[in-house]
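K.L.:
Below: one structure in structure tokens.
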Amino acid sequence: MKEIGANEARDQLENNPDAIYLDVRSVPEFQQGHPIRAINIPILHFLPGMGMMPNEDFTKVVEANLAKETKLVVGCKTGVRSARACEILAQLGYSDVTNVRGGFVGVMDNMGRVLEPGWSLLNYPLCAACTEEAQYDTLATKAKL
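Residues in the sequence shown are numbered consecutively from 40, following the numbering used here.
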């Protein structure tokens with residue numbers, strides 16, 4: 040699996056207008072802020088009282104919205120969920136998938152020190168109220184769930 044840091048992710052998105060930042064964090068995390076031009080298809084859903092649960096429709100929503108040849112820069116909070124999403128996307132036949140190491144927040148050590156800053160810590164452009172087309176509910180309707 041290809042991996043890049045937040046710096047390289049920003050550069051790829053700036054240099055390739057067709058590239059898509061696929062944010063696989065939960066809907067509430069995405070709504071709190073995300074990279075500009077990101078779309079949200081969570082690999083896990085947050086369920087109050089239960090925690091994080093798998094999104095059973097992840098693959099259906101991805102396939103209904105993204106062509107297999109789309110350049111995907113995949114991020115989450117720290118890079119763990121997005122790494123799993125990249126594995127799934129590769130199995131589905133997506134050919135240009137890159138994990139954002141450190142994701143939105145960054146890679147931390149056991150003491151909470153930042154080893155590699157993520158998108159938000161680098162003060163890169165954020166969006167807290169992007170178009171409906173970027174939101175999971177809209178993307179899910181295309182999958183006819």
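Where is the CB? At the ideal position from N, CA and C, for every residue including glycine.
Judging by CA-CA distance, which residue of Phe-85, Tyr-60, Ser-121 and Ser-159 is the nearest neighbour of Glu-78?
P.N.:
According to the sequence provided, residue 78 is Ile. The question's Glu does not apply to it. When only C-alpha atoms are compared, the closest one is Tyr-60.
K.L.:
In chain order, what residues of the same chain have a beta carbon less than 6 Å from the beta carbon of Glu-171, not counting five sequence neighbours either side?
P.N.:
Thr-177
K.L.:
According to DSSP, is Phe-69 part of a helix, a strand, or is it coil?
P.N.:
Looking at Phe-69 - three-state DSSP - the assignment turns out to be helix.
K.L.:
Between which two residues does the beta strand (DSSP E) containing Phe-97 stretch?
P.N.:
Annotation for Phe-97: no beta strand (DSSP E) segment contains it, though the alpha helix (DSSP H) segment containing it runs 97 to 104.
K.L.:
Could you check what DSSP says for Ile-59 in three-state terms: helix, strand or coil?
P.N.:
Strand.
K.L.:
So what's Leu-129 in DSSP terms, helix, strand or just coil?
P.N.:
Residue identity check: residue 129 is Ala in the sequence provided, not Leu. Ala-129 falls in the helix class under three-state DSSP.
K.L.:
Let me know if Glu-81 comes out buried or exposed under the rule of 16 or more other beta-carbons within 10 Å of its beta-carbon.
P.N.:
Note that residue 81 is Pro in the sequence shown, not Glu. Burial is judged here by how many other beta carbons sit within 10 angstroms of a residue's own beta carbon; Pro-81 has at least 16 and is buried.
K.L.:
Tell me which same chain residues have a C-beta within less than 7 Å of the C-beta of Leu-52, skipping the five on either side of it?
P.N.:
Ala-58, Tyr-60, Arg-76 and Val-112
K.L.:
Mind reading off the beta-carbon distance from Gly-157 to Val-136? Whole number of angstroms is fine, and I expect it under 8 Å.
P.N.:
With a Cβ gap of about 18 Å, Gly-157 and Val-136 do not count as contacting.
K.L.:
With 16 as the cutoff for other CB atoms within 10 Å, does Gly-132 come out buried or exposed?
P.N.:
exposed
K.L.:
Comparing alpha-carbon positions, which option in Val-153, Ala-182 and Gln-174 lies nearest Thr-117?
P.N.:
Val-153
K.L.:
Straight-line CA distance for Cys-169 to His-73?
P.N.:
Take the alpha-carbon of Cys-169 and the one of His-73: they are about 9 Å apart.
K.L.:
Measuring straight from C-alpha to C-alpha, what distance separates Gln-70 and Leu-86?
P.N.:
Between the alpha carbons of Gln-70 and Leu-86 lies a gap of roughly 15 Å.
K.L.:
Flag this pair as yes or no: are the beta carbons of Met-40 and Ala-122 separated by less than 8 Å?
P.N.:
yes
K.L.:
From the DSSP output, read off the bridge partner residues of Met-147.
P.N.:
Val-153
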